[in-house]
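Enquirer: Quick one: the structure is below, questions incoming.
Below, the structure written as structure tokens:
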């Protein structure tokens, strides 16, 4: 029964989860007073802590540690200061946030919404939609148009806020229809478009918004947040584990939290080896071993060894290629040879992304290194 309830709990909105925590605590306080001086008090205290731990552990860390206000954001201070100034002066424009995933775009606009409106106003003043789920013109003519055209009486703010996450997935027709709504209802609503690829947003929308690029997070920015979470969750993590987490994230804070939660659940210690295992990506030692085979062994031995390594660890050839890319750059190959290897590796990666079979592409990769090795002799 408890497990079923915890499953239901994970699907609740954030404010409902907070209310549940408060109810558990208040229930504990009332029973504490009722059974003061009795053995039941101690037993209930233990039960209460167990239930709180279970409820807390059921929350996804990406949501659990999402910044609640603008001051909690660890990066892009210039962007945050600019937006905060617009809010304080009550002249917020339409916004367009773009950049790689996990860089704080959604967290920033949600923190802005909490600064603009009190909790009781959020449901009536903020409309948050994931444009990748409903990407056609129907969503524009329906919920968006209805929300934008209605006004809330006696509201402190004169405008509402519409957040369109993954807006680059919307069709051209839907974006063109949005352009007209932006023009017609500017006094009543502000739009915030969030996307990964700016070129997929039509110029007509781009010209009506103030654009902010969210760059990948830097090492120090991720580490400061990571240290806080590690301390909060009492995680046994090593220095090389932290470095591997941040290196594999490529500046994506969401990925850091996902891998950290998986790794801390699966292993007692979060170290570099376990982080790579959780990601299913070849470790640095594995890539160096493959590179050594490429240079020293014959074609058949290399092919057999790499295939066995893939079967044992579940590595994809694309991940091996990315690892070998950095190894080639570090090696002291002649410039012409290095250029040829990198060029051919790019072709192999393109073939894989187009759906090519891994085994023929692996054979081509090994042949490439064999030719380069023979040429260097």
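In the UniProt record's numbering, the protein residues as written are 1 to 377. Even for Gly, the Cβ is constructed at its ideal location relative to N, Cα and C.
Please report the distance separating the alpha-carbon of residue 189 from that of residue 73.
Expert: Position 189 of the chain shown, counting from 1, holds the residue named residue 189. Position 73 of the chain shown, counting from 1, holds the residue named residue 73. One C-alpha to the other measures close to 25 Å.
Enquirer: Considering only residues of the same chain and omitting the five flanking positions on each side of residue 151, which have a CB-CB separation below 8 Å?
Expert: Mapped onto the chain shown, residue 151 falls at position 151. For residue 151, where only same-chain residues beyond five positions count, the Cβ hits under 8 Å are 188.
Enquirer: So what's residue 130 in DSSP terms, helix, strand or just coil?
Expert: In the chain shown, counting from the first residue as 1, residue 130 sits at position 130. Three-state result, residue 130: strand.
Enquirer: Have a look at residue 314 and residue 274 and give me their C-alpha separation to the nearest angstrom.
Expert: Indexing the chain shown from 1 puts residue 314 at position 314. Indexing the chain shown from 1 puts residue 274 at position 274. Approximately 14 Å, taken between the alpha carbons.
Enquirer: Within the same chain, show all residues whose beta-carbon is closer than 6 Å to that of residue 204, passing over the 5 residues directly before and after it, in chain order.
Expert: The residue given as residue 204 occupies position 204 in the chain shown. Correct list, in chain order: 179.
Enquirer: Less than 7 Å between C-beta atoms, sequence neighbours within five positions excluded: which residues of the same chain meet that for residue 281?
Expert: Position 281 of the chain shown, counted from the first residue, corresponds to residue 281. 248 and 319, listed in sequence order.
Enquirer: Nearest to residue 105 by alpha carbon, out of 369, 219, 331 and 193?
Expert: Mapped onto the chain shown, residue 105 falls at position 105. Ranking 369, 219, 331 and 193 by Cα distance to residue 105 puts 193 first.
Enquirer: So, are the CB atoms of residue 278 and residue 262 less than 7 Å apart?
Expert: Walking along the chain shown from the start, residue 278 turns up at place 278. Walking along the chain shown from the start, residue 262 turns up at place 262. Cβ distance < 7 Å, so residue 278 and residue 262 count as in contact.
Enquirer: Quick one: using the 10 Å Cβ neighbour count with 16 as the cut-off for buried, is residue 125 buried or exposed?
Expert: For the purposes of this step, residue 125 is identified with residue 125 of the chain shown, where counting begins at 1. Burial call: buried.
Enquirer: Around the C-beta of residue 112, are 16 or more other C-beta atoms found within 10 angstroms, so that it is buried, or is it exposed?
Expert: For this step, residue 112 is matched to residue 112 along the chain shown. When all chains shown are included, residue 112 counts as buried.
Enquirer: Indicate the three-state DSSP secondary structure (helix, strand or coil) for residue 259 in the structure shown.
Expert: One-based indexing of the chain shown puts residue 259 at position 259. Three-state DSSP puts residue 259 in a helix.
Enquirer: Report the rounded CA-to-CA distance for residue 38 versus residue 234, giving the unit in angstroms.
Expert: Your numbering for residue 38 matches position 38 in the chain shown. Your numbering for residue 234 matches position 234 in the chain shown. Model confidence at residue 38 stands at a pLDDT of 48, short of 50, so the residue's coordinates are unreliable; what they give is reported in the following sentence. Computed Cα separation, rounded: 32 Å.
Enquirer: Touching or not, the region 137-151 and the region 160-179, by the rule of three or more beta carbon pairs under 8 Å?
Expert: Counting Cβ pairs under 8 Å, three or more are found: they touch.
Enquirer: Report whether the distance from the Cβ of residue 272 to the nearest heavy atom of the ligand PLP is below 6 Å.
Expert: Judged by which ligands are present, the structure shown has none, so any question about the ligand PLP falls away.
Enquirer: Compare the beta carbon distance of residue 246 and residue 222 with 7 Å and say whether it is the shorter of the two.
Expert: Within the chain shown, numbered from 1, the residue matching residue 246 stands at position 246. Within the chain shown, numbered from 1, the residue matching residue 222 stands at position 222. In this structure, residue 222 lies closer than 7 Å to residue 246 by Cβ.
Enquirer: Measuring only the C-alpha atoms, how far is residue 92 from residue 86?
Expert: On the chain shown, position 92 is the one that residue 92 refers to. On the chain shown, position 86 is the one that residue 86 refers to. Rounded to the nearest angstrom, the two C-alpha atoms are 5 Å apart.
Enquirer: In the DSSP assignment, what are the bridge partners of residue 165?
Expert: Here residue 165 refers to the residue found at position 165 when the chain shown is read from its first residue. 130.
Enquirer: In chain order, what residues of the same chain lie with their CB nearer than 8 Å to the CB of residue 252, ignoring the 5 residues before and after it?
Expert: One-based indexing of the chain shown puts residue 252 at position 252. Cβ within range, chain order: 100, 101, 102, 103, 216 and 217.
Enquirer: By how many angstroms is the C-alpha of residue 287 removed from the C-alpha of residue 321?
Expert: Within the chain shown, numbered from 1, the residue matching residue 321 stands at position 321. Within the chain shown, numbered from 1, the residue matching residue 287 stands at position 287. About 9 Å.
Enquirer: Starting from residue 284 and walking both ways along the alpha helix (DSSP H), at which residues does that stretch end?
Expert: Along the chain shown, read from residue 1 onward, the residue named residue 284 stands at position 284. Where residue 284 is concerned, the enclosing alpha helix (DSSP H) stretches over 284-296.
Enquirer: Out of curiosity, what's the CA-to-CA distance linking residue 373 and residue 303?
Expert: Locating residue 373 in the chain shown gives position 373, counting from the first residue. Locating residue 303 in the chain shown gives position 303, counting from the first residue. Going by the C-alpha atoms only, they are around 16 Å apart.
Enquirer: Can you find the residues in the same chain that come closer than 7 Å, C-beta to C-beta, to residue 168, ignoring five residues on each side of it along the sequence?
Expert: For this step, residue 168 is matched to residue 168 along the chain shown. Closer than 7 Å at the Cβ level, and outside the excluded window around residue 168, lie 195, 196, 197, 200 and 201.
Enquirer: Quick one: what does DSSP say residue 170 is sitting in, helix, strand or coil?
Expert: Numbered from 1 along the chain shown, position 170 holds the residue referred to as residue 170. Here residue 170 sits in coil by DSSP.
Enquirer: Distance check for residue 208 and residue 122, CA to CA, integer angstroms please.
Expert: Your numbering for residue 122 matches position 122 in the chain shown. Your numbering for residue 208 matches position 208 in the chain shown. Straight-line Cα distance between these residues: approximately 25 Å.
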